[in-house]
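Chemist:
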Amino acid sequence: MYSKRKCGISVIGFTKVPNKLIFQNRYISYSYALVFLKEMRKKEIDTAPRIPAGAESMRIYAELGEAVNDIAHWLRERGVKCQSNHPMGGLAVFPALAGKAGLGGQGKMGLLITPEYCVRQRIAPIFIENKIFEYTDSLKHNWIENYCNSCGLCAKECPTEAILDKKKVNVDNVEGISQLKTSIDRLKCFKFFLLSNGCSVCIKVCPFSKEKKAYSKIISIYDQL
Ligand code: SF4
Ligand code: SF4
């Protein structure tokens with residue numbers, strides 16, 4: 528597969544883009560999305576909030592940005608009308624879009640949590656004109672929201688108290704995911720994210736970041752509760 532061979536990407540979803548996930552005053556040309564994930568290295572993320580963690584974050588933003596441009600070019604050469612979107616300049620709410628595509632669930636800190644990379648990934652879509660693949664939509668990761676309600680570690684450790692105790696509903700009646708919720712004060716987070724060159728403390732402390740198989744370990748315990 529081209530995305531894996533050329534760009535090292537093997538986790539991909541396909542879904543319809545709900546209009547309500549597109550940011551205000553932004554425009555997406557096409558209705559469907561291939562959603563790609565790229566992993567950040569644990570060793571560097573574990574240094575958060577020091578420079579290596581931020582640098583790793585930026586490295587993946589850059590690599591994934593280049594990858595989706597490359598894959599979109601490859602698709603256009605085969606007659607597929609599409610629009611790539613850099614992971615750092617999102618036109619839509621990427622974690623929610625990836626969640627709708629069945630790739631993972633959204634943690635309290637707002638980031639996607641997946642079986643493959645836990646919290647250590649960046650997300651980027653390619654918007655596509657037609658439904659040329661089967662949807663990968665799934666609600667199987669929704670248990671994460673309940674797990675987060677009993678954890679709260681990221682909120683406790685966030686250097687700027689940017690993570691609220693409870694999620695609030697931002698947008699209602701979102702196609703496929705029902706509600707778009709958030710517990711992040713984006714302004715507080717963003718200021719520190721820039722100051723610290725990428726922060727990533729909430730990724731480092733999350734129990735899902737502890738080891739490579741954390742997702743499967745946590746879900747197996749959670750299932751027994
Ligand atoms: S990136 Fe840093 S500042 Fe932003 S929510 Fe996570 S821990 Fe808090
Ligand atoms: S640290 Fe805990 S509350 Fe925060 S996202 Fe991870 S599991 Fe959820």
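Sequential numbering from 528 applies to the sequence shown in this note's numbering.
Cβ atoms here follow ideal geometry from the backbone N, Cα and C, with glycine treated the same way.
My assumption, with CB atoms under 8 Å, is that ARG649 sits in contact with LYS531. Please give the rounded CB distance.
Modeler: About 17 Å separates the two Cβ atoms, so there is no contact after all.
Chemist: Quick one: what's GLU566 bridged to in DSSP?
Modeler: Bridge partners of GLU566: GLN648.
Chemist: So the candidates are ALA623, ALA582, PRO652; which of them puts its Cα closest to the Cα of SER611?
Modeler: With distances taken between Cα atoms, SER611 lies closest to PRO652.
Chemist: Give a single yes or no on whether MET567 has its beta carbon closer than 7 Å to a heavy atom of ligand 1.
Modeler: No, the beta carbon of MET567 sits no closer than 7 Å to any heavy atom of ligand 1.
Chemist: Using the C-alpha atoms, what's the distance from THR542 back to TYR749?
Modeler: One C-alpha to the other measures close to 28 Å.
Chemist: If you measure from each CB to the nearest heavy atom of ligand 1 and keep those under 5 Å, what residues do you get, in chain order?
Modeler: Result (chain order): CYS685, THR687, ALA689, CYS716, PHE719, CYS726, VAL728, CYS729.
Chemist: Can you tell me where the alpha helix (DSSP H) with VAL701 in it begins and where it stops?
Modeler: Counting along the chain, VAL701 falls outside any alpha helix (DSSP H), though it belongs to the beta strand (DSSP E) covering 690-701.
Chemist: Exposed or buried, LYS694, counting other C-beta atoms within 10 Å across all chains shown (16 or more means buried)?
Modeler: Buried, since its Cβ has 16 or more Cβ neighbours within 10 Å.
Chemist: What's the gap between the Cα of VAL698 and the Cα of PHE735?
Modeler: Looking at the two C-alpha atoms, the distance is approximately 27 Å.
Chemist: Using C-beta distances below 7 Å, list every residue in its chain close to VAL701, excluding the 5 sequence neighbours before and after it, in chain order.
Modeler: The answer, listed in chain order, is PRO545, LYS547, LEU548, LEU707.
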